[in-house]
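Notes follow once the structure below has been shown.
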Amino acid sequence: MGWLETLRTSWDAIRSHRLRSGLTMLGILIGIAAVILTVGLGEGAQQQVSSAINALGTNLLVVTPGSSTTGGVRGGSGTSVSLTASDATALGDKSVAPDIQAVAPSNSRSESLTAGSTNWTTSVVGTTPDWLGVRARTVDVGRFLTNQDISGEAANVVLGPSTAQELFGGADPVGRTVTIGNIPFTVVGVLASEGTSSAQNQDDQAVVPISTASDRIFGGSTRTSVQSIYVEATSADTLSAAYQEANQELLTLHHVTDPTAADFTIASQESLLSTATSVSKTLTILLGGVAALSLLVGGIGVMNIMLVSVTERIREIGLRKALGASPTLIRRQFLVEASVLGLAGGLLGALLGIVGALVLPGLISSTITVSPTATVLAILTSIAIGMAFGVYPASRAARLAPIDALRSE
Amino acid sequence: MSLDMTTPIPPVIGGPKTVIGIQDVTKIYQTGSVEVAALGGVSLRIDEGEYVAIMGPSGSGKSTLMHIIGCLDVATAGSYFLAGEDVSGLSENELAVIRNKRIGFVFQQFNLLTSLTAWRNVELPLSYAGVPKAERKRRAVAELERVGLGDRVEHKPTELSGGQQSRVALARALVNAPSLILADEPTGALDSKATADVLNVFSDLHRAGHTIVLITHEEDVAARAQRVVRLRDGFIESDTSNLVGGA
């Protein structure tokens, strides 16, 4: 009896118990669909995060105040914040840091913006003209901030496209007035859209001169300190050199002799990326593990049903043996039957997973990337599960003595 | 019944015309700590073309003997030659091949697979023998025509009468051209008309030269055979020729 014949016999047996076979497949089906969806969700999140980080701009380093201090002692000798506007100015000095192209200190806070009778709460970013290049943004309408705006503490604002839309509807916002913290600002420009792939909405923000923001909006201790300094290297090749220069310069400025006690952190895009992806990888592994468990349960279901099937078909097995089916052949037949159950469940599960990946993003607003590798792997796994859990029932069937099998009524 | 033939025919194992050569076969079942001897030492020779009925009350060992003859079970001790081949020491896989090639079984309930049509039931032994599909169908249909079921080829067992089912089972037993037809109470589930029908088929087969071993507890069924072997308590009680019966 050839393999094709065995396959047909198995298929007949599966078809003759439609409901039971269907329910058995369901276990595998759900498991495979869950694996494909969770892995897809994880990969989707990973892509989302990396595109968000890439959107920050190329050749970018981000300096943030010390998270590497220990025991609560910060290196800034008594000051509560460790990065200042003068740090940013120093980093921008070409003679000190030749590999640094541009520097943009930035402070941001959530503020309420009012235009006429409309108000909108968004992130107000105080920064310098270099921000535009460093963050790889462009201006859609009007102009960006100028050095005159900074030195003159001008009450000028550049809006993100979403923000402009929220405050002014379709009307041209350039030249209109927006009130931030009781101070009327003149809209001088609107940023071009960054796209929607970012985790945080880069299109919804208001950019003002850092001097104006520090002195007139935020006030307090933020007058001289900055929350982050964006540093752009001259090219991707000089990124590590720029990192070294910025690090050395800041250590000197902050009088820190031990580099491990630095009161600031310099993150490159790459390090941000690897942190973010490792987080979502962990999540994927966790979710995938849960899904794999459900696959295991599905496999146990296959074994259960195959054992029932062997018991139920004892007479048939006996007869087939009497007619010349060897134990090897009987074992093969039940193994093939279990594998077919697994494969059918796997294929249907993959289908359900792919349909889910197409439908779900519309409902839960997160991308699901179905990876072909994961899908093929999942289907292969389903066959393997069918086979692995079919081994025991199949060898039970093979070991049945034909007379015992024929005797049972 | 003749009384002068009670001496067992001395077996000549492996003779050219010998289909079954059984020598001092015993079968002991272990039930917990109790050993039950189902067969106490049986020697039997059946030659080609013979039509033998094996009789005996329940517990006489006739079923055990039938299982050993049919290679469905192996003897505890003794030797068994089937069509000149020693089958006493074969493995399960090897016994499967012997069953497939040498023996055509007819079971009491016919044991047809209800999900398969008549011809698919008949072709089963051929498929285990590795015969190509087209030839299987041709031979299965030819065999069904031979037992008079040429118009029932595509019927399922549930659509056939008891007599027709028994003939499907016969066709299945014959399809692989076995050395031996082994029937276990083939008329047990049939009415008298169907019984007569089936016994006529057996008689025809006997005339055609087939070797038939038939296990039964019905005297009138045994009366149609050429030779009757009676078992009691695991031993052969008598082995007689039917002068009046036979073909």
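Keeping their order, the protein sequence lines are chains Z and L. Residues in the first sequence are numbered from 763 upward in steps of one, following our numbering. Residues in the second sequence are numbered from 482 upward in steps of one, following our numbering. A virtual CB, placed ideally from N, CA and C, is assigned to each residue, including glycine.
Check                                                                                                                     : Outcome
Rounded separation between Z:I776 and L:G530 - CA only                                                                    : 43 Å
Check whether Z:G764 and Z:G1107 have beta carbons under 9 Å apart                                                        : no
Chain L contact for Z:R1077 (CB, 9 Å cutoff)                                                                              : yes
Within chain Z, the residues that L:L605 reaches when beta carbons sit closer than 9 Å                                    : L1081, R1082, L1085, G1086, A1087
Backbone CA spacing between L:F591 and Z:L1103 [nearest angstrom]                                                         : 30 Å
Expected contact under 8 Å - CB spacing of L:I696 and L:L686 to nearest Å                                                 : With 8 Å as the limit, L:I696 and L:L686 do not qualify as a contact, their Cβ atoms being about 16 Å apart.
Limits of the alpha helix (DSSP H) - the one that Z:D911 falls within                                                     : 909 to 913
9 Å Cβ cutoff met for Z:G888 and Z:T974                                                                                   : yes
Residues in the region 529 to 553 of chain L having any Cβ partner in chain Z nearer than 8 Å                             : H548, G551, L553
CB of L:F588 within 9 Å of CB of L:D665, strictly                                                                         : yes
Enclosing beta strand (DSSP E) for L:I584 [first to last residue]                                                         : 584 to 587
Rounded Cβ spacing between L:A670 and L:H636 (contact assumed at less than 8 Å)                                           : Not confirmed; about 18 Å, so no contact.
Proximal residues to L:A558 (C-beta, below 6 Å), its chain only, five neighbours per side dropped                         : T507
Where L:K543 falls: helix, strand or coil (DSSP)                                                                          : helix
Cβ-based neighbour list, Z:T883, same chain, cut-off 8 Å, excluding 5 preceding and 5 following                           : S872, E873, S874, L875
C-beta atoms of L:D720 and L:G521 nearer than 9 Å                                                                         : no
CB contact flag (Z:L907, Z:P971, <9 Å)                                                                                    : yes
Cβ neighbour criterion (16 or more within 10 Å) applied to L:S544                                                         : buried
Chain L contacts made by the region 1158 to 1169 of chain Z, where a contact means CB separation under 8 Å                : A1163, P1164, I1165, L1168
Z:T1137, buried or exposed, once every other Cβ within 10 Å from all chains shown has been counted against 16             : buried
Interface positions of the region 1088 to 1111 of chain Z facing chain L (Cβ-Cβ less than 8 Å), listed along the chain    : S1088, P1089, T1090, L1091
Chain L contact for Z:S959 (CB, 9 Å cutoff)                                                                               : Caution applies to Z:S959, whose pLDDT of 45 falls short of 50 and renders its modelled position unreliable; the value that the coordinates give is listed next. No, because no Cβ of chain L sits closer than 9 Å to the Cβ of Z:S959.
From Z:Y1154, Z:L853, Z:S783, Z:A864, residue whose alpha carbon lies closest to that of Z:A898                           : Z:A864
Simplified DSSP assignment, three categories, for Z:A1029                                                                 : strand
Contact set between L:V500 and chain Z, taken where Cβ atoms lie within less than 7 Å                                     : The premise fails here: L:V500 is roughly 18 Å from chain Z at the closest Cβ pair, so nothing lies under 7 Å.
contact_flag[the region 1139 to 1152 of chain Z, the region 1108 to 1118 of chain Z] where n(CB pairs < 8 Å) is 3 or more : yes
Option nearest Z:G854 by Cα separation, candidates Z:G1148, Z:E1011, Z:A795, Z:G1118                                      : Z:E1011
Nonlocal neighbours in the same chain, by C-beta distance under 8 Å from Z:M1149, ignoring five residues either side      : L1097, A1100, S1101, G1104
Whole-angstrom distance between L:G565 and L:F586, CA atom to CA atom                                                     : 19 Å
Residues in the region 763 to 784 of chain Z having any Cβ partner in chain L nearer than 7 Å                             : M763, E767, D774, S778
Beta-carbon proximity check, Z:A995 vs Z:L823, cutoff 9 Å                                                                 : yes
L:P659 burial status per 10 Å Cβ neighbour count (16 or more: buried)                                                     : buried
Distance between beta carbons of L:R653 and L:P606, contact taken as under 8 Å                                            : 7 Å
L:D505 in three-state terms, based on DSSP                                                                                : strand
Within chain Z, the residues that L:E573 reaches when beta carbons sit closer than 8 Å                                    : S1088, P1089
Nonlocal neighbours in the same chain, by C-beta distance under 7 Å from L:V603, ignoring five residues either side       : A621, E624, L625, V649, A652, R653, V656
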